[in-house]
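Worksheet: one structure, shown below.
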Amino acid sequence: MRVIAGQAGGRRLFAVKGLNTRPTADRVKEAMFNVLAHRVQSAQCLDLFAGTGSLGLEALSRGAQSVLWVEKDRRAYQVIQKNIENLGMHNKGKILQQDVFQVCKRLLQEGEKFDLIFADPPYHREILPLLLQSLNEKPGLLTEKGTIILESHRDEKVPNKVGRLEKRREDAYGDTVLHYYQWEEKPESLAVEVRE
297 MRVIAGQAGG RRLFAVKGLN TRPTADRVKE AMFNVLAHRV QSAQCLDLFA GTGSLGLEAL
357 SRGAQSVLWV EKDRRAYQVI QKNIENLGMH NKGKILQQDV FQVCKRLLQE GEKFDLIFAD
417 PPYHREILPL LLQSLNEKPG LLTEKGTIIL ESHRDEKVPN KVGRLEKRRE DAYGDTVLHY
477 YQWEEKPESL AVEVRE
């Protein structure tokens, strides 16, 4: 597992031992960032169920402004710390060892906004629909032109729309599927000119 491109491109990342954490495969990560392209530059990022922190670290390497990693597992949290220090990116982000849903609720209350939100929860636990509902709560954690990228197993059912969040793209790589969500397009103004 490595950082693929950018400032830290080619650098190896530490992984969490055991099967509880499943890092995003390098080929899937590379495809994801090819899709995101220019959106990464200067982005404020939120990396939920962060695991090793590789998605947020890839974003920073490619020019993102900052990352907030959220990971509840203690061992994974320690690996994220190690990876951040190893890449010299400790001044570009913050890690929270807390429950994702509690953090999202607090960030909403604080009015935080992110351009990119990554989420790679454990497979087959029906977390994604609940997470989308949480991210759709008003006023929303996503900036108006931001993107949410969710990773799931191909057997999991992931909704096409939750509130104002619409799935704009879906790409499969073996058993892994990436889902890209954005706010729905606002309809054209229905204002009518009033003549006196």
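Residue numbers for the sequence shown follow my numbering, beginning at 297 and rising by one. Beta carbons: idealized from backbone N, C-alpha and C, even for Gly.
Report, in whole angstroms, the separation of the C-beta atoms of G359 and V336, which I expect to be a contact under 8 angstroms.
6 angstroms
Does DSSP put H420 in a helix, in a strand, or in coil?
coil
Mark D416 as exposed unless 16 or more other C-beta atoms lie within 10 angstroms of its C-beta, in which case mark it buried.
buried
What does a CB cutoff of less than 7 angstroms around R298 pick up in its chain, not counting 5 residues either side in sequence?
G306, R307, R308, L309, D322
Distance CB(V454)-CB(L426) smaller than 8 angstroms
no
Using three-state DSSP, classify Q340 as helix, strand or coil.
strand
For G389, which of G436, C400, N379, K434 has the nearest alpha-carbon?
N379
Just to confirm the assignment: which complete alpha helix (DSSP H) runs, minimum length 4, are found wholly within the segment 371-430?
396-406
What do you reckon, are the CB atoms on Y469 and A327 nearer than 8 angstroms?
yes
Between D411, K368, F397, which lies nearest to Q405 when the distance is taken from Cα to Cα?
F397
Pick from D471, E447, L364: whose alpha carbon is nearest that of N387?
L364
Is C341 close to the ligand SAM? I mean its beta-carbon at under 7 angstroms from any heavy atom of the ligand.
The ligand SAM is not part of the structure shown, which contains no ligands of any sort.
Go through its chain and collect everything with a Cβ distance to R370's Cβ below 7 angstroms, but skip five positions before and after it.
Q393
With distances taken Cα to Cα, identify the nearest neighbour of P435 among L403, I391, T320, S362.
L403
How is the beta strand (DSSP E) around E440 delimited, first residue to last?
438-449
C-alpha distance - D467 paired with S448, whole-angstrom precision:
11 angstroms
Would a C-beta distance cut-off of 8 angstroms place K368 and D395 closer than the cut-off?
yes
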